[in-house]
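Novice: One point on numbering: in the UniProt record's numbering, the residue at position 182 of the sequence shown is 182, and numbering is uninterrupted.
C-beta: ideal position from N, C-alpha, C; glycine also.
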Amino acid sequence: MAVITYREALNQALAEEMERDPDVFLMGEEVGVYNGAYKVSKGLLEKFGDMRVVDTPITELGFAGLGVGAAMTGIRPVIEFMTWNFAILAFDQIFNSAAKMRSMSGGQFKMPITFRGPTGAALQLAAQHSQALESQVAHYPGVKVVVPGTPADAKGLLKAAIRDDDPVCVFEGEMLYNLKGEVPEDDDYIIPLGVADLKREGSDVSIITHGKMIHTALQAAAQMEKDGVSVEVLDLRSLRPLDTDAIMRTVAKTNRVVLVEEGWAFGGITATIAAMIQEEAFDMLDAPILRVTQADVPMPYAKAMEKAAKPSVELVIQKLNQVLYR
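(1) Looking only at its chain, what residues have a beta carbon closer than 7 Å to the beta carbon of L89, apart from the 5 residues adjacent to it on each side?
(2) Between which two residues does the beta strand (DSSP E) harbouring G32 extend?
(3) Take E185 and list the residues in its own chain whose beta-carbon comes closer than 6 Å to its own, dropping the five residues that flank it on each side.
(4) So within the segment 173 to 227, which uninterrupted alpha helix (DSSP H) runs reach at least 4 residues, ignoring any that extend past its ends?
(5) Work out the CA separation of G32 and D50 for me, nearest whole Å.
(6) So if DSSP puts M27 in a beta bridge, which residue, or which two residues, is it bridged to?
(7) I need the straight-line Cα distance from P57 to E29, nearest angstrom please.
(8) Rounded to the nearest angstrom, how far is the Cβ of V323 from that of V229, given a contact under 8 Å?
(9) Going by alpha carbons, who is nearest to residue 368 out of Q12, N85, G149, I191?
(10) Can M299 and S130 be called in contact, C-beta distance under 8 Å?
(11) Sorted by chain position, which residues of the same chain lie with C-beta nearer than 8 Å to A87's C-beta, five sequence neighbours on each side aside?
(12) Let me know if R7 comes out buried or exposed under the rule of 16 or more other beta-carbons within 10 Å of its beta-carbon.
(13) Could you tell me which of A246, L242, Y189 sits nearest to L198, measuring between CA atoms?
(14) Taking the C-alpha atoms as reference points, what is the distance between D55 and N255?
(15) A222 and L10: beta carbons closer than 8 Å?
(16) If you draw a straight line from the C-alpha of H215 to the C-alpha of A252, how long is it?
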């Protein structure tokens, strides 16, 4: 397997799917001449032309709606948001049109559209550009949501999203674009939506997480191993559909759970998973479920305050020790 960056893996996925299916096209701000704000679409304009790599004005609601209309005709748009923070302007098209079209039309219209872009905090981008919004998007039935945390997952999940007949929202880690990893070179390399991945096996306690936070979890697990604690790390990869079987397997194995997400605690993904475990696996637990999330404030700009607001390895270790009564 080749070792490439997360950015290059996404670029490969787009290029391979556009090569395979002439109905796939990419649209968004600066995706063409500028090669994308994060260079994910580098070289695609030269290869596929301006009918399939379409630069748009700064009009998220407009080009998201254009994509929904295109998908209704059966073609497969990929809509790039410069950041999911800007996609808030397009939520009406995602939630009220794309998510509901198949159901409200009695199945007359499929909706093969992919919305994608970076999510979460980077470095001092302040409150309006640092939000992890996947829990809000996953709230709506009719939309599928994936959050790849590695280059291999980024390629496999994006290709699966583009081939899916329902709207799929792909949340890419804003700080992961330069991350390198092994990525299969097979054109048909696909990761099915709704399948979690056990990133690290363990026996004493489970961390359940997704996206960028898997790296925080793995660092915490490595440090705990030095103290003789075996930590299992389950990467959800897909939030809708959710791999509930994988969640229940790890709960049954370790009987102790720490949930980690980049977003806020109130109404978050970890809140949903905690409720699910309590409802379906309460008798398996040897300790209360604990959570690590962003502090309940708009993300500060000041460097020290931003660091304090983000989920950290130290905070995950603190919760792991707490759930183990250490």
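Specialist: Quick answer:
(1) Short of 7 Å from the beta carbon of L89, and not among the five residues preceding or following it, lie these beta carbons of its own chain, in chain order: E60, L61.
(2) Under the DSSP assignment, G32 falls outside any beta strand (DSSP E); it carries neither an H nor an E label.
(3) A2
(4) Annotation note: the segment 173 to 227 contains the following uninterrupted alpha helix (DSSP H) runs of length 4 or greater, listed N- to C-terminal: 213 to 225.
(5) About 7 Å.
(6) V54, I79
(7) As the crow flies, the alpha-carbon of P57 is around 6 Å from that of E29.
(8) Actually they are not in contact, since the Cβ atoms of V323 and V229 sit about 11 Å apart, beyond 8 Å.
(9) Any question about residue 368 goes unanswered here, given that the chain covers just 1 to 326.
(10) With contacts defined by Cβ atoms closer than 8 Å, M299 and S130 form a contacting pair.
(11) E60, A64, F81, I94, F115, G117, L133
(12) buried
(13) Comparing Cα-Cα distances from L198 to each of A246, L242, Y189, the minimum goes to A246.
(14) 50 Å
(15) no
(16) Cα to Cα, the separation comes out at about 23 Å.
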